[in-house]
Structure formats: C-alpha cells, structure tokens
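As structure tokens, the structure follows; a few thoughts come after it.
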Amino acid sequence: MNITNKNKRRKFLKNAGSTALFASLGTSFLVSCSTSEENVDPTLPPDETGGETGVGFTVDGDVYTFDLTHSSFTALKSVGGWKRFDQGGMLLVNVGQNIIRAFNSSCPHAGCRTSWGYSNNNFRCGCHGATFNNQGSVLSAPGGTGDLISFTAVLEDDVLTVSK
Ligand code: FES
C-alpha cells in the first residue's frame, strides 16, 4: 500500500469512527431525552411555591384523564367552556348541569381537525362551514355530512375521564 492509499484509509477510518461515535452518542442522547419527557407525571401536586406541575392529563390506552384544576383545562369548568384537545384528537365542551361532552375532532365532512370554533352552543368547522349542536348532531353542512363521533365522558369532581 503506498502512502496516498494509507492516508486515504486513515482518513476514512477517522471519519467512519466519528460517525459511529456520533451515531452511538446520538442514539443514547435521544433515548435519554425521550425518556425524561415520558417520565413527566401529570398528576403531580402543585409544587411548594404554589405553581403547578405536569401537563394536566394522563393517557392509558384509549382512556384520557384530565385534571380540570390544571390551567390547560380550567376553561372546561365553566358552562360553555370548550377545548380542542389535539393530543387526543378531541373536542371537549361543558354543556352545563355538570356534563362535559367529548367528540372526535375530525370533521365528518372532510376530516379537518384544527378549524373549530364554538359559540351559541354550536360547533362550527371553519374549513367549509359545517355546524353541529353540542350533542354532536349536524345542523348544516355540505351534503352527506354525518354527526360528530361521540366519546364517553364522565366528570367526577374536577376529574374528567374520556374513553375513545
Ligand atoms: S371539513 Fe369540516 S366543513 Fe368541510
């Protein structure tokens, strides 16, 4: 092997070694990052300074449990309060008499999920203007549009459980 080939081989091994090292460290780094995020306990009580911790909900399979005292969900404590909950693909709304309803946020017309508004007890999809009452029944929409898909929602004190 001449000197030029030796230098090329040395350079290749050096680069390959760096790549392998980076890949190895990178994988470990990503694993540890995702592990720390998954370890967030949304049910943790407020810290000693009175601030809140966690994200305000937990997921166990298809069951979502919400802490309505968490700032992300306190709107649901008021009649007419609603929330588009993208992490679970849901629309949540307080319809009064201590009842919260939950619907699939996929619009039955063409599947838009992020253009929802709520007023006068009705949901409106901004994509093409379909409207639904707070029981999920379609009021007006392009032809053939069905009702919103409902999920089972149970409210006990400040804990809301939704089963998809
Ligand atoms: S996707 Fe909602 S109205 Fe068309």
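For the sequence shown, our numbering begins at 774 and goes up steadily by one.
Ideal placement from N, C-alpha and C gives every residue a C-beta, glycine not left out.
Asked	Found
Straight-line Cα distance separating S910 from D859	21 angstroms
Which listed residue (K850, M863, Y837, G834) has its alpha carbon closest to that of D931	K850
At least 3 beta-carbon pairs within less than 8 angstroms: the stretch 856 to 874 vs the stretch 882 to 896	yes
Nearest candidate by alpha-carbon position, reference T826, set I872, V832, D840, V935	D840
Rounded separation between I922 and G861 - CA only	13 angstroms
Residue interval of the beta strand (DSSP E) (run including V868)	863 to 869
Selection from T838, G853, S844, G917 that minimises the alpha carbon distance to C880	G917
For T918, the three-state DSSP class (helix, strand or coil)	coil
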